[in-house]
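Written out below as structure tokens is the structure these notes cover.
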Amino acid sequence: MKKRSRIISLLLATVMVFSVPAQAIYAAESTTMQETVNAEESENEASEVVQNSENAENTEEVQSTEDVQGTQPVMESESAGEETQNLLNYLVVDKPYIEQGDIQSIVASVGDENTVVESATLAYHRESDGKKYQADVSEYKDHAMLFKISFEESAETGVYILDSLTYTVDGEVHTVELAKIGIEAKYGVNTEVESTADAEVVDSETEDSTTADIDVVTFDAEGNQTSANSIEEAITEQKEELNSGKARISTRSRAGNVVVVLDPGHDSTHAGAQGLNGLHEETLNFKIAQYCKEELQQYSGVTVYMTRNSVACPYPGTSSGEDNAKRVAYAQSVGANVYVSIHLNSAGASANGAMVFYPNQSYRSDIGSQGQNLASQVLTQLKALGLKDNGVKIRDSESGDTYSDGSLADYYGVIRGSKKAGFPGIIIEHAFVTNASDAAFLSSEANLKKLGQADAAGIANYFGLVKGEWVQDKNGWWFRYSNGTWPANEWVFIGGYWYYFNNNGYRETGWLNLNGVKYYLNENGQMITGWKQFDNTWYYFDQSGVMQTGWVTVGGTWYYLEPDGKMVTGWKTVGNASYYFNSSGAMCTGNATIDGKLYRFSASGAVIEGWIYQNNIWYWLNVDGTYATGFKTIGNAVYYFNEKEQMVTGWQNISNTWYWFDESGAMRTGWLLSGNAWYYLDSDGKMVIGWKKIGTYSYYFDPSGKMYTGKKVVDGKTYDFGTSGGILSGWYLKDNTWYYTKEDLAQATGFNQINGQTYYFDGTGRMQTGWKYVDNTWYWFNNSGFMRTGWLLLGNTWYYFESDGKMVTGWKTVNGSRYYFEVSGAMVTGYHVIDGKSYDFGTDGRCQTVLQDGWNSEGDTWYYVSGGQLVKGWKQIGSTWYYMDKDTGKMQTDWVKVGNYWYWFNGSGAMLTGYQQLNGTWYYMNKKENDKGPEGALTYTGVTSIMGTSMIGTDKATVVQKMVNQYVKSNAIYPSEALAVGGAPDIVTFCGILYDEAVAENIKPEIMYAQAMLETGYLKYGGIVQVWQFNFGGLGAVDGNASGGCATFPDVRTGLRAQVQHLKAYASKETLNNNCVDPRFNMVTRGTAPYVEWLGQKENPNVNSKGDSYGWASGESYGFNIMSMINRMN
């Protein structure tokens, strides 16, 4: 990989020259850096990635160097025998994403240091529409070129793809078609560009060579494009993955022994590569694996298996692919944590060094990350032996095979199979048997041992395994690592067991409390997991050795452990539920007999509250695990369980009171027919004896509870109970009407006192409610029949009733206050005239004062009295009009509708006229309803600003057309001949000029048009102003002037400009945008008529010091007429 490092160095140097932060896109390795690597070396180096095919997705024996070399792209402009000094070295795109206004910088390099580029052009296209572009070179630096492309217009947003580079060297033109050599260079303008991410190669040499923020897109030896967001990010991501992988492995190792399966690649049946010095790969692989196993077994906490224990095939009669599949299956069967396949490489004579393949990220990315971590650890150790570092790599399927989730599968069968089995598999290619230097290294048994030991060290580092020995002294046992150090204050996994070493480094035994978590270490210091009995009490420790409390499930069985860890047996209440644990601590579920009693438990172990049927007897099991005794409410019924916890039925004497329970055990209430006798049971189930009123009837029950019928003597008095046993008395409801039978059995009629309340019953005994006229007097009874006395509010009216219930009329003093009640009984309020005198009864009906002529107030309410009479309706006082409510005489304020018209009265009651702004809205009031009413009814709502944009269209064409249409609808004949002289031969031209002049001064064109039509009678003229004067607004036309006695203008545009300037004088105080041509502009008090409606003096609320209104014209409704014309345009 030295060649790649040189490319990056050259790239960075070039970038520094141009001061361009870069992303690099390289051409194929076989076509780069020819100044330092000859063509033959490039061929051989490109072949370094050739692997023996036994692990590949196909089953060909060996992929030849020529096959791999043949896949490398060749530039269009070079032939097989042509010199390579003018070939593309690299292409650098500054930014994958730029925004409008940015400049994209692209650097390209061709040839070598002796190459001088004379001219260059870069061709590219936009992906969305295929539009093609070219960029000329901006700057040269020997054989490097800088292109700067500016993006300023919004239309140029999108994704851009570079197509070709055309350059001239020594007068000869060369063109490189980028797609044909496998380069896809693109960037986005205001558009994100998605990059392709798998086939990523992590090269350890490049990690330290640069930290530039560059995007590297390159090709592997098979011609596949590979990429990473940036070299810096790739390094960072790799370190993060390594770190996260260590954390995961550490956690996994903490839980138990590590299982490593070593796979010596090939065998005597499926031979591997044959190399120099008579080397046979299958034999060397086996030796390296043996040395690796031997070394690994010196570590604590690891078990090592090998897929073959001799050079023979472990699965005779199988193909290479079947053999590999069975090896992976074997690894899965022994619980492998990793699968390490040991191999040697072969290729051209110059290819040398080590590389490690690991799983891709497409499926089970966690396994991919673990494999990358493991591969990096192993390669680090191999590199330390002096072997060339060819990097850790992945290789994706080249036939489109996928995993179950549809993602692209790994190329190598053992890596793919291991991932499916749930553990990472890697392939270690230690060296090349076809390279003289590597072959010499491999010919030494000592070096083979070093390779095995290096593999073991990488695996041990990945899992965090340790070497060492136990030492005992007078203070106890401790563990000495191979480097002489020892663990302290930590857990260590040694020989398949966890130990804890204290501050002094001695292993602990017995109970151990760490940060509130309890563990138990046996007499050998080994951490206990699972069940452990101490002093006839069981405890449970999870796989991490932590003593458990609370709920624990073991082997599908639930247990409960006290806060001190002791296993519970027998009954236990947890939360709001009760549970039972047998003598082994197992939680009971389903039915269980405990101490001779049947219990039911849910699937979660909680006692199921409910019925238990045992030995033909019903019981009730409570939620706390006890059986019910005494009264028990279950659902909507009450049951009784005797002292034996048995449910009872039939008659039961409980605490000297009789109850009856039906066959289901439910306690009975209400009527009960037992035998030939009726009984009555109260709501609490108790049997009734003596008198009992039920509904509207009274019954009597003898001491045995039987109901009396017929004539019976009770307490010395004879009663006839009839056949049904009931004596009708008191209140009863019949046909939705209440009746009352008195104690002497007489039907109540007329007035009756019952329980302190007075009721009235008609002649048939029906209870009365509401108003009742009795003996020329009104009474009122509520819905319960109670006669009302004192105050009564019905609806919004108050009434008063004497203590005997009679309704009051006329004068009445109550609690010192005088009230007056009309003949209907209604209490009067406000102002009333009684016997020719005016009184004020206020809002609460109390008589306060006799009213005087003029204004009278009651709280916030005003009245007006004239001649002793309350005024109602319109009232003019001085020059001000008021309106008094036609019913109450109250003075009105705010909006009031009188007849069909609305009026506004201020807080003093005065009617307002003219234009008034109320709550942010302008209203015009001057209409007269009839001869009796004043002039002041609402006439018009709102105002229309003269300044601003058009209300009838958003563009000139629309506005002009609407004005023309309105003119045509008026049936007026346009004075073409006269106005043509002034530059407007037709109405369209006229309206166009008008629009331009109005917009120039920010005046709404339709307002100016409507005023001109109003002033000229749709250009008919005929008054003081004549058509030849081009005066369209009547400027200077004063009543009494002779014909032509007004302002005259040279043409139509000037006349319209004068009109719009005069409008602007009234509408605002802004300066004119055009030179003033209005001779009367300075006569206007600026800004006194900002609204169309105020152009008429009679409607304009603004007045001068003399009290005269401002405005354009004195005619009534002048502005309203203009607005009427505008509204017709829409």
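Under mature numbering (1 follows the signal peptide of the UniProt record, and there is no 0), the letters of the sequence shown match residues -24 to -1, 1 to 1106, in that order.
Backbone N, C-alpha and C fix where the C-beta goes; we use that ideal spot for every residue, glycine too.
For clarity, every value in this text was computed on a predicted model and none was experimentally measured.
- Closest by C-alpha distance to glycine 481, out of Pro679, Ile470, Pro335, Pro463, is Pro463.
- Closest in alpha carbon position to glutamate 1069, among Ile928, Tyr950, Thr920, Gly993, is Thr920.
- Secondary structure at glutamine 590: strand, using DSSP grouped into helix, strand and coil.
- Fewer than three beta-carbon pairs drawn from the region 362 to 378 and the region 283 to 296 are found closer than 8 angstroms, and the two stretches are therefore not classed as touching.
- The beta carbon of lysine 682 is closer than 8 angstroms to those of Ala653, Trp654, Tyr655 in its chain, skipping five residues each way along the sequence.
- Counted as a single uninterrupted DSSP element, the alpha helix (DSSP H) harbouring threonine 934 occupies residues 932 to 945.
- Burial is judged here by how many other beta carbons sit within 10 angstroms of a residue's own beta carbon; valine 809 has fewer than 16 and is exposed.
- For phenylalanine 262, there is no enclosing beta strand (DSSP E); the residue is part of the alpha helix (DSSP H) that begins and ends at 257 to 272.
- Per the DSSP secondary-structure output, glutamine 892 pairs in a beta bridge with Tyr899.
- Around the beta carbon of alanine 422, fewer than 16 other beta carbons sit within 10 angstroms, so the residue counts as exposed.
- Between the region 131 to 146 and the region 89 to 109, the count of C-beta pairs closer than 8 angstroms reaches three or more; the two stretches touch.
- Here the alpha carbon of tyrosine 1067 sits roughly 14 angstroms from the alpha carbon of threonine 925.
- With a cutoff of 8 angstroms on beta-carbon distance, leucine 418 and alanine 430 are scored as not near each other.
- When secondary structure is reduced to three states using DSSP, threonine 485 falls in the coil class, being assigned neither helix nor strand.
- Straight across, the Cα-Cα distance linking phenylalanine 262 with isoleucine 470 is about 28 angstroms.
- In this structure glutamine 337 is buried. Its beta-carbon is surrounded by 16 or more other beta-carbon atoms within 10 angstroms.
- Per DSSP, reduced to three states, the secondary structure at isoleucine 74 is strand.
- In chain order, Asn20, Thr410, Asn411, Ala412 place their CB closer than 8 angstroms to the CB of alanine 325, counting only its own chain and leaving out the 5 sequence neighbours on each side.
- Among the bridge pairs identified by DSSP, tryptophan 747 is matched with Trp756.
- For alanine 301, the enclosing alpha helix (DSSP H) begins and ends at 296 to 309.
- The region 825 to 832 and the region 840 to 847 touch, with three or more beta-carbon pairs separated by less than 8 angstroms.
- Contact between valine 936 and cysteine 967 holds: CB atoms are separated by about 5 angstroms, below the 8 angstroms threshold.
- By the Cβ rule, the region 615 to 623 counts as touching the region 582 to 601, because three or more pairs are nearer than 8 angstroms.
- In the three-state scheme derived from DSSP, where H, G and I count as helix and E and B as strand, threonine 992 is classed as helix.
- Within the DSSP bridge table, the entry for histidine 808 names Tyr815 as partners.
- Proximity to glycine 586 across Ser580, Tyr575, Asn592 peaks at Tyr575, based on C-alpha coordinates.
- Boundaries cannot be given for aspartate 243, as no beta strand (DSSP E) includes it and DSSP labels it neither H nor E.
- When the alpha-carbon of arginine 456 is set against those of Ser276, Pro1055, Phe777, Tyr1094, the nearest one is in Ser276.
- Contact between isoleucine 82 and phenylalanine 127 is ruled out by a C-beta separation of about 13 angstroms, above the 8 angstroms threshold.
- Under the 10 Å beta carbon count, glutamate 911 is surrounded by fewer than 16 other beta carbons and is classified as exposed.
- Taking a contact as a CB-CB distance under 8 angstroms, the pair tryptophan 880 and tyrosine 859 does not count as one, their CB atoms being some 11 angstroms apart.
- Where isoleucine 435 is concerned, the enclosing alpha helix (DSSP H) starts and stops at 421 to 439.
- In this structure, tyrosine 755 keeps its C-beta atom at 8 angstroms or more from the C-beta atom of methionine 743.
- Under the DSSP assignment, isoleucine 82 falls in the beta strand (DSSP E) whose first and last residues are 79 to 86.
- Contact check for methionine 984 against glutamine 1035 passes: the beta carbons are separated by less than 8 angstroms.
- For the set Val784, Glu834, Gly792, the Cα lying nearest the Cα of threonine 805 is the one of Glu834.
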